[in-house]
Each structure stands twice: as C-alpha cells, then as structure tokens.
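J.: Chains as they are written, first to last, in this note's numbering: chain A, 11 to 79; chain B, 2 to 258. Ideal Cβ positions, reconstructed from N, Cα and C, are used throughout, including at glycine.
1) Give the interface partners of residue 20/A over in chain B, defined as CB-CB distance under 9 angstroms, in chain order.
2) By Cβ distance below 8 angstroms, which residues in the same chain neighbour residue 177/B in space, the five residues on each side in sequence not counted?
3) From the DSSP output, read off the bridge partner residues of residue 235/B.
4) Based on Cα-Cα distance, which residue from 51/B, 129/B, 156/B, 69/B lies nearest to residue 108/B?
5) Roughly how many angstroms separate the alpha carbons of residue 239/B and residue 147/B, rounded to a whole number?
6) Out of 67/B, 104/B, 62/B, point me to the one whose CA is closest to residue 78/B's CA.
7) DSSP three-state label for residue 209/B, please.
8) Is residue 17/B near residue 235/B, with beta carbons less than 8 angstroms apart?
9) On the CB-based measure, 16 or more other CB atoms within 10 Å of its CB, does residue 2/B come out buried or exposed?
10) Determine the direct distance from the alpha carbon of residue 28/B to that of residue 61/B, and round the result to whole angstroms.
11) Could you name the residues of the same chain whose beta carbon sits closer than 8 angstroms to that of residue 96/B, not counting the 5 residues immediately before and after it, in chain order?
12) Tell me whether residue 38/B sits in a helix, a strand or coil according to DSSP, three-state version.
13) What is the DSSP secondary structure of residue 27/B, reduced to helix, strand or coil?
14) Check whether chain B comes within 8 angstroms of residue 72/A, counting only Cβ atoms and requiring the distance to be less than that.
15) Taking only beta carbons into account, state which residues of the region 70-81 of chain B come closer than 8 angstroms to chain A, listed in chain order.
16) Short of 7 angstroms Cβ to Cβ, which residues in the region 37-55 of chain B face chain A?
17) Do residue 73/B and residue 101/B come within 8 angstroms of each other at the CB atom, strictly closer than that value?
18) Would you mind telling me which residues of chain A sit closer than 7 angstroms to residue 87/B, beta carbon to beta carbon, in chain order?
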C-alpha cells in the first residue's frame, strides 16, 4: 500500500500512486486553479503541477483561499 | 487635501475595506461587498477539505474589480506567518498581505515582537505588508520604519463589535504615522467607523459587523455611508468643543430694551 500524508491525514493508494501533483488533484477532484500545494514544506508552482513527481511517504499540503477578515 | 487613499502607490476611492469571513453564503458576501463600495477585500488560507473539494469562495469575488488582501490568520509566530504569506502569494500571485500573528486564542491580540520580525522578513521578500497590531504608537513607528505599507491598529478585539476602545492610543498613532492608518478589528457599528474616520484614520477594515448583521447587504451600505461621512467631516475640519454655550443665533435682542 502506498501512502501520502495529505493535509495531515494518511491517504492510502492501492496499487499505483498518482504520478504527479496534477494527477493527484484529479484523483481528489480538487480544481487545480484554486489550490496551492506544498510538498514536504516546499511550495510547488502552479505551472509545475504536471511536472512534479510524487513518491510514497511525502507530506502534501493543499491550501486554498477561504473567507476571512 | 487629497480625497484619494494611496497605499504602496495604488489609489483607492473607497476607504472601507471588507473582510469576507462569516457570511452565510457566497452570494450574500458578494452582494455585501458590492454594496459596501470596497475595493479591497481580505481573504484567509486554509487546508482544502478533501471530502468537500468543491467549496470555493473565490469564484464569488470579481478579481478584476477587487484587490484581494490575503491574511496570515492562524499564524502564532513569525515563522508560521512567513510560511502563510508565501503560500498566499503562490495562491493569488499578488504580493499584498495582511500580516497577523495572534498566539492568544481568547482575545486574538497580535504579538508585537513576532509581527515585527515577520514584517522585516516579508518586506525584504517584496511583499506589500499591512500589519495588524495593537494600538501601540511605538510599534507602529517600528513597522513603518521596517517598510510596511500601512499600520492597522485594532479598535477592540477581533469580532467583538466593542468599537473604539483604544481611541486615545489610536489618536497618537494617527498623529504620528507617515503611512496610512487603517483601523482594523472591533468596529461594530457604522457610528464607530464614522468616528474613526472623523479622527483622521485613513481607512477602516470591517468584517463581523457586516457579515453577522441580520441584513448584511444593508449593513454594508450603512458602513459605506458612515465611512464617507466620517471622512468628509475630517476633511471639513470639526468646530471646536467648548465648555459653555456659544449662541448659534444672533444675541442682538429686540424683545427687551
């Protein structure tokens, strides 16, 4: 079983891990236009989602804008 | 006196900034922003809810019309604020930032030491930093000297609606600051906002008082008028306060000899 820690929770992927950040967002049904991503504390540029490879065990943060004062 | 507010070279016709938290729906939020006349709206950053990934408030805000001001709410120290700031820039592509560092969950009062530390780092990284601070004139000066674009002292604790509890200290900041002073937090009624503007504040930031009103859109319009009235009164120059009456009508009597 392959595991990514996404937003603090372990997410298991049976069989194949999404190959890239872009693929992961597709699997999670998260609109990539509205999200900012970090892998192990490093910000991934939006235009590089397709080129960012994922490996098991990484800590991924998916952040977006919400209402706030 | 110029009626335009200029922050970091950008001109604002409206001196009311709006926060986007606590609205019952994106639709009401969008209508309230429109009614307020605001040109700058604050937003926060949070983790995407993986189980509910469609919840996107940004689509309700016309980014051609409104400048987004991401905040660092949730940061408890300088490191967390700097991290949130970088994420905000990556998310929005804009460098404007409301810097807030609030380690105390009960009153949400800002940490002056960590705020200054974060501001120094973020200014060097090219951010336009608008720091949320307690009403401390010395801190305001330190942040101004560090290159912040404004200072944003609180009127009273965030979301408390208590109004201008820090009035005397705000007056000192306004009299000394060389950057725009935006009164942020605690303004609970249009009269509070108007008074802040009459005192000479350059702008006010309001969220809860509008979002939590029974009719947020109507309240947004009320704040708009109050801010305009307060600003006009400031520009007009208030008449002096006196101890005794000073007759408004001529005292040259004709009823008696």
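T.: Concretely, from the data shown:
1) Chain B residues near residue 20/A: none, gap ~12 angstroms exceeds 9 angstroms.
2) Counting only Cβ-Cβ distances below 8 angstroms, and skipping sequence neighbours, we find 138, 141, 142.
3) Answer is none; residue 235/B lacks a bridge partner.
4) For the residues 51/B, 129/B, 156/B, 69/B, the minimum Cα distance to residue 108/B belongs to 156/B.
5) About 33 angstroms.
6) Answer by Cα proximity: 104/B.
7) In this structure, residue 209/B counts as helix in the three-state DSSP scheme.
8) Against a cut-off of 8 angstroms, the Cβ pair of residue 235/B and residue 17/B comes out as no contact.
9) Since pLDDT at residue 2/B reaches only 46, below the 50 mark, its modelled position is unreliable, and the value read off the structure follows with that caveat. Classification for residue 2/B: exposed.
10) Distance between the alpha carbons of residue 61/B and residue 28/B is about 7 angstroms.
11) Same-chain partners within the cutoff: 90, 127, 128, 129.
12) Residue state, collapsed to three classes: coil.
13) Looking at residue 27/B - three-state DSSP - the assignment turns out to be helix.
14) At a cut-off of 8 angstroms between beta-carbon atoms, residue 72/A makes contact with chain B.
15) Going along the region 70-81 of chain B in chain order, one finds 71, 72, 74 with a Cβ nearer than 8 angstroms to chain A.
16) Those residues of the region 37-55 of chain B that come within reach of chain A (Cβ to Cβ, closer than 7 angstroms) are 43, 44, 45, 46, 47, 48, 49, 51, 54.
17) Closer than 8 angstroms, so yes.
18) By Cβ distance, chain A contributes 53.
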